[in-house]
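Position one of the sequence shown corresponds to residue 27 (the working numbering), numbered consecutively onward.
Here the structure comes first, spelled out in structure tokens, and everything after it is commentary.
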Amino acid sequence: MKLSLIVARGRNNVIGVAGQLPWRLKSDLMFFKKVTLGNPIIMGRKTWESLPKRPLPDRENIVMTRDWTYDAPGARVYSSFLPAVNAAKAIAAREGKREVFVIGGEAIYQLALPLADRIYVTDVDAAPDGDAHFPALAETEWHEAAAEHFAISEGNDHAFTIRKLERVHASTPASTDA
Ligand SMILES: NC(=O)c1ccc[n+]([C@@H]2O[C@H](COP(=O)([O-])OP(=O)(O)OC[C@H]3O[C@@H](n4cnc5c(N)ncnc54)[C@H](OP(=O)(O)O)[C@@H]3O)[C@@H](O)[C@H]2O)c1
Numbered sequence: 027m028k029l030s031l032i033v034a035r036g037r038n039n040v041i042g043v044a045g046q047l048p049w050r051l052k053s054d055l056m057f058f059k060k061v062t063l064g065n066p067i068i069m070g071r072k073t074w075e076s077l078p079k080r081p082l083p084d085r086e087n088i089v090m091t092r093d094w095t096y097d098a099p100g101a102r103v104y105s106s107f108l109p110a111v112n113a114a115k116a117i118a119a120r121e122g123k124r125e126v127f128v129i130g131g132e133a134i135y136q137l138a139l140p141l142a143d144r145i146y147v148t149d150v151d152a153a154p155d156g157d158a159h160f161p162a163l164a165e166t167e168w169h170e171a172a173a174e175h176f177a178i179s180e181g182n183d184h185a186f187t188i189r190k191l192e193r194v195h196a197s198t199p200a201s202t203d204a
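Shown next, in the form of structure tokens:
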């Protein structure tokens, strides 16, 4: 079972401004839907509240908040990250899925990055002002398994590249035993 992050970031690592996305990238939203559909998605309370339509349909929505009384109709609410991930994985396994997604924002990416197996990162060719950022990636820890470029077009404010990054696992040292 894989824990995957999915994010769109600017060249300056900006991912959000005033609780919203800083760009309009229709093709990236279509990619997001295609990849996450049918799988559990974990998000922070602020990202949940930024969704134009809640919950995101045909996906188990899991919301992180420290407020135990928080009500998120149509979603499950968790106050600790590991129990949320474990619940997401159990739900995915029950549905015959092999991947759960962390969909942001900044606070939840920070919790998830050390545990992530895979990142779908959309590198946006822009550096907008913003107040939410993706953590810096140590590129040596990640291997690019796929990349697709999109030009500026109707509905896409900027050019961007969607990259699929897999974590590089340290190889086991060779045995010195004879
Ligand atoms: N470009 C992208 O791909 C992308 C994706 C997603 C979001 N975004 C953007 O990112 C911004 C939101 O990011 P954000 O960092 O401000 O908010 P966020 O991560 O969506 O949500 C933060 C909230 O999560 C809860 N939380 C954080 N750490 C927690 C923990 N350890 N345990 C339990 N709950 C915890 C808290 O909720 P309470 O305050 O209720 O306790 C906190 O206020 C928005 O602008 C959004 O549009 C961008």
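From the three backbone atoms N, C-alpha and C, an ideal C-beta is built for every residue, glycine too.
- Here Thr187 is exposed. Its C-beta has fewer than 16 other C-beta atoms within 10 Å.
- A distance of 7 Å or more separates the beta carbons of Met69 and Ile145.
- Excluding its 5 nearest sequence neighbours in each direction, Ala34 has C-beta neighbours in its own chain below 6 Å: Asp54, Thr148, Val150, listed in chain order.
- At the C-beta level, Gly131 and Gly36 stay beyond 7 Å of one another.
- Under a 10 Å Cβ-count criterion, Leu191 is classified as buried, with 16 or more other Cβ atoms of the shown protein chains found around its own Cβ.
- Between ligand 1 and the CB of Gln136, the shortest heavy atom gap is not smaller than 6 Å.
- The beta carbon of Arg189 sits closer than 6 Å to those of Val147, Glu170, Ala173, all from its chain and outside the five residues before and after it, given in chain order.
- The beta-bridge partner set that DSSP reports for Trp168 consists of Arg193.
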